[in-house]
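Student: So the sequence shown is residues 1 to 488, counted in the numbering used here. All C-beta atoms, glycine included, are put in the ideal place defined by N, C-alpha and C. Model, not experiment: these values are computed from the prediction.
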Amino acid sequence: MSVTDRIVDGFKAMFGARIVYNAVNGLLMLLLARVFLTPDEYGLLYLVIAIIGIGQLFADLGLSRSAARYVSEYKESDPGSIPFIIRTTLKYRLLLVGLVAGVLLVGRGRIAALQGDPAIAPLLVVGAGCLVFQSLYSFPEFLFQGFNRVRLSALLEVVHSVTRAVFVVVLILLGFGVAGALLGYMIGALVATTLGLGILYRECYRVYEDRGGSRSLRDRILKYGVPLTASSGANVIDKRIDTVLVGYFLNPAAVGYYVISKQITSFVLVPAASLGFSVSPTYGEQKATESLDRAARIYENTLQYVLLMYVPAAVGVFIVAEPTIELMLGPEYGGAAPVLQVLGVYMVFSSITSVTTNGLDYLGRASDRAVAKGVTAVANAILNIVLIPRFGVTGAAIATVVTYGIYTFVNMYIMYVELPLDLAHLGRPLAITSAISVGMGVGVMVLVPYVSSLFALTGVIAVGVLIWATLAVLSGLIDVRETMARLS
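1. How do the segment 122-135 and the segment 171-190 stand: do at least 3 beta-carbon pairs fall below 8 Å, yes or no?
2. Since V393 contacts G335 with CB under 8 Å, what's their CB separation in whole angstroms?
3. According to DSSP, is D60 part of a helix, a strand, or is it coil?
4. Run the CB neighbour count on P389, radius 10 Å, all protein chains shown included, and call it buried at 16 or more, exposed below.
5. Please identify the residue among T229, L217, L143, F133 whose C-alpha is closest to the C-alpha of Y201.
6. For K91, is the classification buried or exposed, using 16 other Cβ atoms within 10 angstroms of its Cβ as the cut-off for buried?
7. In its own chain, which residues sit with a C-beta less than 8 Å from the C-beta of V97, not counting the 5 before and 5 after it?
8. Report whether the distance from the Cβ of K223 to the nearest heavy atom of the ligand HEM is below 8 Å.
9. Around the Cβ of T38, are there at least 16 other Cβ atoms within 10 angstroms (buried) or fewer (exposed)?
10. Does DSSP put F318 in a helix, a strand or coil?
11. What did DSSP end up calling V460 once you bin it into helix, strand or coil?
12. When you compare the segment 364-375 with the segment 399-411, are there three or more beta-carbon pairs, one atom per stretch, that lie closer than 8 Å?
13. Under three-state DSSP, which class holds A469?
14. With distances taken Cα to Cα, identify the nearest neighbour of V270 among A154, V168, V259.
15. Enumerate in chain order the residues of its own chain whose CB-to-CB distance from M498 is below 8 Å, with the five nearest sequence positions on each side excluded.
16. Considering only the beta carbon of each residue, do V125 and R151 sit closer than 9 Å?
17. Assuming the contact rule is C-beta atoms closer than 8 Å, I85 and A67 should be a hit. Round their C-beta distance to whole Å, please.
18. Rounding to the nearest angstrom, what Cα-Cα distance links D117 and N22 in this structure?
19. Can you list, in chain order, the residues of its chain with a C-beta nearer than 8 Å to that of M484? Leave out the 5 residues immediately preceding and following it.
20. Kindly list the residues whose CB is nearer than 7 Å to the CB of T194, restricted to its own chain and excluding five residues on each side of it in sequence; keep chain order.
21. Whose C-alpha, out of L105, I352, F455, V473, is nearest the C-alpha of T302?
22. What whole-angstrom Cβ distance do Y333 and Y257 have, given they're in contact under 8 Å?
23. In whole angstroms, what is the alpha-carbon distance linking R486 and I467?
24. Determine the direct distance from the alpha carbon of L250 to that of S221, and round the result to whole angstroms.
25. Where do the ends of the alpha helix (DSSP H) carrying L173 lie?
26. Hey, G43 and V255 are a contact pair by Cβ (cut 8 Å); roughly how many whole angstroms apart?
27. Measuring CB atoms only, is the segment 379-388 touching the segment 400-407, in the sense that at least three cross pairs come out at less than 8 Å?
28. Quick check: what's the CA-CA separation for K223 versus R69?
29. Taking 9 Å as the threshold (C-beta atoms), are V169 and L31 in contact?
30. Quick one: residues in its chain with C-beta nearer than 6 Å to the C-beta of G213, no 5 flanking neighbours on either side, listed in chain order?
31. Could you give the residue range of the alpha helix (DSSP H) that holds T394?
32. Could you pull the start and end residues of the alpha helix (DSSP H) that K91 belongs to?
33. Suppose contacts are defined by Cβ-Cβ distances below 9 Å. Is G364 in contact with Y299 by that definition?
34. Verify whether the separation of the beta carbon atoms of A101 and A112 is less than 9 Å.
35. Can you give the beta carbon distance from G146 to S72, rounded, assuming they're within the 8 Å contact cut?
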């Protein structure tokens, strides 16, 4: 299978899995927000999940991604070391997970006091179990990426999302409320972790002759985890601390507005995330074979396509944010609309980093990325502290856009240094993409005043997609025959 075909195959698998993942999550979001929980309860649930997410950073310390990087390298040069890499990394992961879960249990009262909400403390008992299995779930997921077995990662995502949603709904219906929802999250992660570790052992661990490994290899895995921890920690600040700060300065309902807006952007970002996950190991493989020119062309084409998708998408989100929130979730969630509009800009930046950052890890530039992530993450936290009291929950979104934009451009510069890129070649496609966005935006804006139901909203969005697709084909940015041939 050629490099391009392998990327497309992985993209299709991951895209399908993430469509299922986000469709299930979207349905779960609607059920929780509109049927089962009040805005305050919804915000409380995701505030606890944000706290758990911070704990997951210390339960991993970058080891899963580091192991994936060395698996990608050693499966070509020294396959006998693969079992050692898996075995050693898993031992350290189990130790870290146990320590962090224990700290969370012991410190749950203090955490609740800091947030000023005693309801958090009992929820963190279930949250500790959720942390254990959610953290371990990521281990086989990233290892499969290192083996370039993206279909297996996709399978885990589907199992995880579906199992989680089923148990969340069942436990809430049984009367367990927010605690039941958290328990559903834990059970979903438990099932996916068990399946993932079993497949990892059968499909990846057993098939390689175990020749052991050296202390120097172990030390390199641990050492490479340091910059990955820094970048992951900064990522946690970007994606979790802001939620915690919204809860600290405002209230659980405001947390709900913020989380819902981010969940909607995550759904829209599915194609970019899938493409980035699939293409990233290819950069490491091309570097190992000294084919940097080919890696550069892959990145340029990937960047062109994500911009073609997400610049117009950001325009569309800005225009339809208000009717989308009110018709889907009800007027009580109207405070989420301005947040979603601001996060439309974040979507563009996030689509670029989705196809850039993991690639830098496989190219061995994790430390440089970590510095950029660390600086911008600290700036994000400071901006949140400044802007949330003044602008409310929208201030958190503004802080995210400003700092994530800086981080995006730094990552692109590092990729430019690492690969022989011709970014000037992207000028024409970007100009055409901007024109397409304007044309689509005008068409949607004319129709939005007539939106009075979900059916009408769906129709307006469909018209926007049709305008975008037509202009993209007429401009030559999308070749229909080539696209269909690749995806068939």
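Tutor: Concretely, from the data shown:
1. yes
2. Position 393 of the sequence shown, counted from the first residue, corresponds to residue 393. Position 335 of the sequence shown, counted from the first residue, corresponds to residue 335. At roughly 7 Å, the Cβ-Cβ gap stays under 8 Å, so V393 and G335 are in contact.
3. As a working mapping, residue 60 is identified with position 60 in the sequence shown. D60: helix per DSSP, three-state reduction.
4. Here residue 389 is taken as the residue at index 389 of the sequence shown, counted from 1. Answer is exposed; the Cβ neighbour count stays below 16.
5. Mapped onto the sequence shown, residue 201 falls at position 201. Y201 has its Cα closest to that of L143, out of T229, L217, L143, F133.
6. Counted from its first residue, the sequence shown places residue 91 at position 91. Its Cβ having fewer than 16 others within 10 Å, K91 is exposed.
7. In the sequence shown, residue 97 corresponds to position 97, counting from 1. So the list reads A59, L131, V132, S135, L136, once near-sequence residues are dropped.
8. Of the ligands one can find in the structure shown there are none, so the ligand HEM has no counterpart to examine.
9. Taking the sequence shown and counting its residues from 1, one reaches residue 38 at position 38. Counting Cβ neighbours within 10 Å, T38 comes out exposed, since fewer than 16 surround it.
10. To locate residue 318, count along the sequence shown from 1; it is residue 318. Shown here, F318 sits in a helix according to DSSP, grouped into three states.
11. Counted from its first residue, the sequence shown places residue 460 at position 460. Note: V460 maps to helix in three-state DSSP.
12. yes
13. For the purposes of this step, residue 469 is taken as residue 469 along the sequence shown, with counting starting at 1. In this structure, A469 counts as helix in the three-state DSSP scheme.
14. Position 270 of the sequence shown holds residue 270. The residue with the shortest Cα to Cα distance from V270 is A154.
15. No information on residue 498 is available, as it lies outside the stretch 1 to 488 that the chain covers here.
16. Stepping through the sequence shown from its first residue, residue 125 is reached at position 125. Stepping through the sequence shown from its first residue, residue 151 is reached at position 151. The answer is no: Cβ separation not under 9 Å.
17. Position 85 of the sequence shown, counted from the start, is the residue given in the question as residue 85. Position 67 of the sequence shown, counted from the start, is the residue given in the question as residue 67. Indeed, because the Cβ distance is near 6 Å, the residues count as touching under 8 Å.
18. Indexing the sequence shown from 1 puts residue 117 at position 117. Indexing the sequence shown from 1 puts residue 22 at position 22. When rounded, the distance between both Cα atoms is 30 Å.
19. In the sequence shown, residue 484 corresponds to position 484, counting from 1. Confidence at M484 is low in this model, with a pLDDT of 48, below 50, so its placement is unreliable and no value can be given for it.
20. The count along the sequence shown starts at 1 and reaches residue 194 at position 194. Excluding residues within five positions, none has a Cβ falling inside 7 Å.
21. Here residue 302 corresponds to residue number 302 of the sequence shown, with the count starting at 1. Comparing Cα positions, the closest option is I352.
22. Position 333 of the sequence shown holds residue 333. Position 257 of the sequence shown holds residue 257. Their Cβ separation, rounded to whole angstroms, is 7 Å, which keeps Y333 and Y257 in contact under 8 Å.
23. Residue 486 sits at position 486 when you count from the first residue of the sequence shown. Residue 467 sits at position 467 when you count from the first residue of the sequence shown. Any reading at R486 is ruled out, since the residue's pLDDT is 48, under 50, leaving its predicted position unreliable.
24. For the purposes of this step, residue 221 is taken as the residue at position 221 of the sequence shown. For the purposes of this step, residue 250 is taken as the residue at position 250 of the sequence shown. Note on residue identity: the sequence assigns Ile, not Ser, to residue 221. Computed Cα separation, rounded: 41 Å.
25. As a working note, residue 173 is residue 173 in the sequence shown. L173: member of the alpha helix (DSSP H) spanning 150-173, first to last residue.
26. To locate residue 43, count along the sequence shown from 1; it is residue 43. To locate residue 255, count along the sequence shown from 1; it is residue 255. At roughly 4 Å, the Cβ-Cβ gap stays under 8 Å, so G43 and V255 are in contact.
27. yes
28. For the purposes of this step, residue 223 is taken as residue 223 along the sequence shown, with counting starting at 1. For the purposes of this step, residue 69 is taken as residue 69 along the sequence shown, with counting starting at 1. So the alpha carbons of these two residues sit roughly 12 Å apart.
29. Taking the sequence shown and counting its residues from 1, the one referred to as residue 31 is at position 31. Taking the sequence shown and counting its residues from 1, the one referred to as residue 169 is at position 169. Yes, these two residues count as a Cβ contact at 9 Å.
30. Against the sequence shown, residue 213 aligns to sequence position 213. Result list for G213: S81, F84, in chain order.
31. Here residue 394 refers to the residue found at position 394 when the sequence shown is read from its first residue. Element bounds for T394: 393-418.
32. Within the sequence shown, the letter at position 91 stands for residue 91. 82-106 is the span of the alpha helix (DSSP H), which, as asked, contains K91.
33. As a working mapping, residue 364 is identified with position 364 in the sequence shown. As a working mapping, residue 299 is identified with position 299 in the sequence shown. No; because the gap between Cβ atoms is not below 9 Å, this pair is not in contact.
34. What you label residue 101 is simply residue 101 of the sequence shown in a count that begins at 1. What you label residue 112 is simply residue 112 of the sequence shown in a count that begins at 1. Not closer than 9 Å, so no.
35. Along the sequence shown, read from residue 1 onward, the residue named residue 146 stands at position 146. Along the sequence shown, read from residue 1 onward, the residue named residue 72 stands at position 72. Contact holds; Cβ gap of about 5 Å.
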